[in-house]
Structure formats: structure tokens, C-alpha cells
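Protein chains in written order, with my numbering: chain A, 395 to 649; chain B, 395 to 649.
Protein chains: 2
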Amino acid sequence: MSGRLAVIGLGPGNAGQMTPEATEAVRTAREFFGYKPYLDRLDLADGQIRHASDNREELSRAAAALTRASHGIDVAVVSGGDPGVFAMAAAVCEAIEAGPPEWRDIELTIVPGITAMLAVAARIGAPLGHDFCAISLSDNLKPWELIERRLDAASKAGFVIALYNPISKARPWQLGRAFECLRANLPETTPVIFGRAAGRPDERIASVPLGDADPSSADMATCVIIGSAETRVIERGEDRSPLVYTPRFSTGPSR
Amino acid sequence: MSGRLAVIGLGPGNAGQMTPEATEAVRTAREFFGYKPYLDRLDLADGQIRHASDNREELSRAAAALTRASHGIDVAVVSGGDPGVFAMAAAVCEAIEAGPPEWRDIELTIVPGITAMLAVAARIGAPLGHDFCAISLSDNLKPWELIERRLDAASKAGFVIALYNPISKARPWQLGRAFECLRANLPETTPVIFGRAAGRPDERIASVPLGDADPSSADMATCVIIGSAETRVIERGEDRSPLVYTPRFSTGPSR
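Okay, here's the thing in C-alpha cells:
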């Protein structure tokens, strides 16, 4: 007897940005697995059970959730943002591929959510208005050389770059090194957006030129967006913060 | 007297994937500007006014909306998916920068939405589970050479690639040429996902190997996701479609 597993994206963290589909998926699940701060966002009913875990235990969390689902329980795994972007959907797929055959029979549903870069971009203009990429800056799961190679390729080819997982206590120097790489390919004036906790009460969104970008402006809850050479800043009156956007058109290859 | 302009992401097209914030922004606006099929999704009240336009008139639509907002009207510009991803938010910013100074005083709000690649990815597994990029395949606003250069750079650097605007009557050959470029850098077995109308009644999601990818499988409503060399397919029983995912980890630089 197989149950169901829903991998649910809760969005950036305010109720207005969580989809009705996600709300309904939470309502109908019985047991919840996730990183504790995400579980804390849920307003669960009597009889709904939480299994909180730490944020670097994705694979064991996925396996625990699949085990419960294979026992016939309706299980939910929750992610902040979108579960398919550097989050639990890939971990669940990894666990299914490596796990017992019966896990492939579980009814798996993935519920998308507003991912951080979209929420941050919306608060400042349209920095992702042209071709862009998303890179996780964590070198826990890939070699740092590969990250540098991607930063180099993306900035040379004119992509706007959204950095997820920019910094943590265990990874203090990587963001600074990333800015150094990018300065080799992009003008010092390129806008860099530090978008922290977009849409939440403790939101902090700021844009600075790449030449002045300070890694200590970021924390674990920050998504950093680095413009391309074509990204522009529109100054507005005193009452309004500048808009940062990347035009839809591009006149030619960058360097 | 300045009104307000909300640029609203309606999501992929089913009500369950439109955020409460977007629903509320629609409820409170007075005049609506957008591509007709997006306006047709709205259930407007008496007194709410529609201004439909064609899908290649983004800049004039943005200017018309800003003009009305500058006259004190509460205006909404609607996009499918997310307005910041190859959609109206950048067009509105372009118009503001080029327009009269008073347009900078308009209260501008951008309401994010679930963008197509997230909705498509959720229906098939987690193809965007590792570093990825989004490229518009339209060469209306940038030279084709630049698109080829980005396809080459992204596939060589190991990014999964989501293609927006893959094909249209006026742009019939570009997607086939894109597949040719990608075959030069990626194995023939690399999964290619054709995700059409994700979450809508006429949804059609399929994964084929890059070697067999046929451009005629795509239309204007399709988002095409091309895996990296590390993207994997998990076969399941007869009742379940295969899962396609890109592992969170990467063992080393690709070619």
C-alpha cells in the first residue's frame, strides 16, 4: 500500500505569495518533513505531525519522508521558495533513484512556489528581464572550481546571475571570491542586488555597484542578483527607491 | 496627481497557481492592460476596464498603462507566469526610463508569479535542481549570434537550459538550430522536456533524448528545458511517467 508524497513550495515567506495549490496540499497532508524554520511557517491542525530536521540533511529527510509514504501515509516535504530550485524536489528524486523499488510507486506531486530570485527581482524592478542564470554558491555538493568556471562563463556571455546560498558560517569566503571573478568580466558599475527576506517583515533590499559590493551585506537568507553589462538603474524622486532592470533587447554580443 | 501601476504575474494559467497577492492586486485595480489571452483569464467586476493588445506591443502597452496611471487611475498590467521573466516588468521599466519625468513618481508594484519553467519542472521531477539558466529564443530583440553564443556557453559550463519563446510562425527555424548547437556539446541522451500549458486542461509534458528532439513538438505555449550531462531519468512502473531530475551534487567540471 503506497501513500502520497507532496513536495511543496511555500514561497518566499509571506502568506500572499503562497499559492492556493500549496495551501491545499498542506491542508490534506498528514505528516510533514522539513527544515524547522519552514515547518514553523505552517499552521497545522490537530493530528498533523511535524518531523523537523536540520538544513543540511536533505537526503536523509527525503528518505524518511519516502519511507512514511510507502507505508501508506500522506506525507508532505516542505521547501521555502520553489522546491525545484536548489531544494527538496531534487533530493527526493535522488532518494527515489537510490532507494527500494517500491518508492517508485509512490504518488509524487511537486507543488511549485515563488522562488527567491523572482520575489527579490519584483521588489526592485526587473533585473531578470533578459537572459539569466541561477547558481548555488555552495561548494558542499560541487567543487569550487566548477562554480568559478560557471561565474566566468555566465558573466562573459551576458547572463544576469542570481546567486543562491551565497554565504554561511561554514562558507565565509566564497561570495567575496565570486565578486572578484565577476569584476574581471563586468564593469565596476554593474548593479548588484542584495535581496534579503523579500516579502517578509525583516525584508532588506539594496542595490550597489559591483565595485562596492561587500560580501558581509549577505547572509543565509539573501539572494544576490548580479546584473549584466546591460542592466540599468533608474533614479527616481526622494520618496522612491531606484529601479534596477535589464532591458529585453540586446544590441550585440558582449565581450 | 499620480495613480498606481501594478504589474501582475498571473502564473501558468490555473487558479491554484495564482498567488493571493496577485488576486488581490487584480481586485483593486481599475483599468487592465495586457495581451488578450491573459486578460481573458480575469474575472473582472463591473467598472473594471480592459485594454487588450497584441503580444508584440509590449512597449506601447506599457506607455499606455503609465499614461493612465499618471492621470491618477489605478492601473494593472498583466503577464502570464512571472512579469519579471521575459515579460512586462522590463517593458514598463524601459518605458519609464524613456518617458516623461512624472512617470517616475507613479507608485509601481510588481507582483511575482510562478514562471513557466518552474511549473513545467514540477510536473516532471526536478530538472532545474542544479545550476540552470533561462534564455529567450526570440531574435526579435537580440541578434541570433548572441543566442547561439549563450547556448554554447551555458551547455559547455554545465547549466540546465530553459528556453522561453522557443518557436512562432515568424520564427520557425530557431529551435531546430538551437538543438543543433546543443548537440555539439551535450550527449545525445540528454533529456529534453517539452512542457506545454503546464497546469492547464490542455497540458502536454514530454521528455525525449536530445538526439530525437523535434522542434515541431513545441509551440508558442511551450517551455523547453534541456538537461545538462548530469540530468537523469528515473523509469517507474507502467502507471507512472518517468521522473527527470538534475542532482544537487556535481562531481567535476564538464568539458
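For glycine and all other residues, C-beta sits at the position ideal for the given N, C-alpha and C. Computed from a prediction, not measured in an experiment: that's the story for all the values here.
Exercise. Who are the Cβ neighbours of residue 562 of chain B in its own chain at under 6 Å, not counting the five residues just before and after it?
Worked result: 614
Exercise. Less than 9 Å separating the beta-carbons of residue 420 of chain A and residue 463 of chain A?
Worked result: no
For this session: Look up residue 616 of chain A in the DSSP assignment and say whether it is helix, strand or coil.
Result: Correct three-state label for residue 616 of chain A: strand.
For this session: For residue 584 of chain B, go through chain A and note every residue whose CB falls closer than 9 Å to its CB, in chain order.
Result: None at all; the shortest Cβ gap to chain A is about 17 Å.
Exercise. Hey, which unbroken runs of the alpha helix (DSSP H) at 4 residues or more fall wholly within the region 577-623 of chain B?
Worked result: none
For this session: Determine which residues share a DSSP beta bridge with residue 626 of chain A and list them.
Result: Residue 626 of chain A is bridged to A/639.
Exercise. Just to confirm, are residue 642 of chain A and residue 593 of chain A a CB contact at a threshold of 9 Å?
Worked result: no
For this session: Take residue 448 of chain A as the anchor and find which of A/473, A/436 and A/442 has the nearest alpha-carbon.
Result: A/473
Exercise. Taking just the CA atoms, how far does residue 520 of chain A sit from residue 495 of chain B?
Worked result: 19 Å
Exercise. Which two residues bound the contiguous beta strand (DSSP E) that contains residue 555 of chain B?
Worked result: 554-558
Exercise. Would you say residue 506 of chain A and residue 476 of chain A are within 9 Å of each other, going by their C-beta atoms?
Worked result: yes
Problem set entry | Spatial distance of residue 647 of chain A from residue 444 of chain A (CA atoms) | Low confidence applies here, because residue 647 of chain A scores a pLDDT of 49, under 50, leaving its location unreliable and the question unanswered by this model.
Exercise. Going along the region 484-503 of chain B in order, which residues come within less than 7 Å of chain A, judged by CB to CB distance?
Worked result: 484, 485, 487, 488, 490, 491, 498 and 499
Exercise. Residues of chain B with a CB under 8 Å from the CB of residue 527 of chain A: which are they?
Worked result: 525, 526, 527, 528, 548 and 553
For this session: From the DSSP output, in three-state form, read off residue 649 of chain A for me.
Result: For residue 649 of chain A, the pLDDT reaches just 43, beneath the cut-off of 50, and the residue's location in the model is therefore unreliable, leaving the point undetermined.
For this session: Leaving out five residues on either side along the sequence, give the residues of the same chain with a beta carbon under 6 Å from the beta carbon of residue 649 of chain A.
Result: Only weak support exists for where residue 649 of chain A lies, its pLDDT of 43 falling under 50; the value from the coordinates is given anyway. There are no such residues.
Exercise. Got a sec: is the Cβ-Cβ distance from residue 452 of chain A to anything in chain B below 9 Å?
Worked result: yes
Problem set entry | Separation of residue 510 of chain A from residue 631 of chain A, as counted between CA atoms | 27 Å
Exercise. Which parts of the region 446-483 of chain B are runs of the beta strand (DSSP E), unbroken and 3 residues or longer, counting only runs that do not cross its ends?
Worked result: If you keep only unbroken beta strand (DSSP E) runs of at least 3 residues inside the region 446-483 of chain B, you get 468-473.
For this session: Please classify residue 570 of chain B: does DSSP put it in a helix, a strand, or coil?
Result: helix
Exercise. Of all the residues that make up the region 464-477 of chain B, which are near chain A by a beta-carbon distance shorter than 7 Å?
Worked result: From the region 464-477 of chain B, only 476 have a Cβ closer than 7 Å to chain A.
Problem set entry | Where residue 417 of chain A sits in the DSSP three-state scheme | helix
Problem set entry | CA nearest to the CA of residue 624 of chain A, picked from B/601, B/548 and B/488 | B/488
Exercise. Do you know offhand how far residue 575 of chain B's Cα is from residue 556 of chain B's?
Worked result: 15 Å
Exercise. At a Cβ threshold of 9 Å, is residue 599 of chain B touching chain A?
Worked result: no
Problem set entry | Given residue 633 of chain B as reference, the closest of A/577, A/407, A/501 and A/439 once Cα atoms are compared | A/501
Exercise. Less than 9 Å separating the beta-carbons of residue 457 of chain A and residue 442 of chain A?
Worked result: no
For this session: Closer than 8 Å by C-beta to residue 546 of chain B: which residues in its own chain qualify, once you throw out the five before and the five after it? Chain order, please.
Result: 575, 578 and 579
For this session: Would you give the residue range spanned by the alpha helix (DSSP H) that residue 424 of chain A belongs to?
Result: First-last for residue 424 of chain A: undefined, no H or E at that position.
For this session: Put residue 516 of chain B into one of helix, strand or coil per three-state DSSP.
Result: helix
Problem set entry | chain B residues whose Cβ lies nearer than 7 Å to that of residue 565 of chain A | Ordered by position in chain B, no residue passes the 7 Å Cβ test against residue 565 of chain A, which lies about 15 Å from the chain.
Exercise. Which value, in whole angstroms, describes the spacing of the CA atoms of residue 583 of chain A and residue 606 of chain A?
Worked result: 9 Å
Exercise. So the alpha helix (DSSP H) residue 541 of chain B belongs to, where does it begin and stop?
Worked result: 538-550
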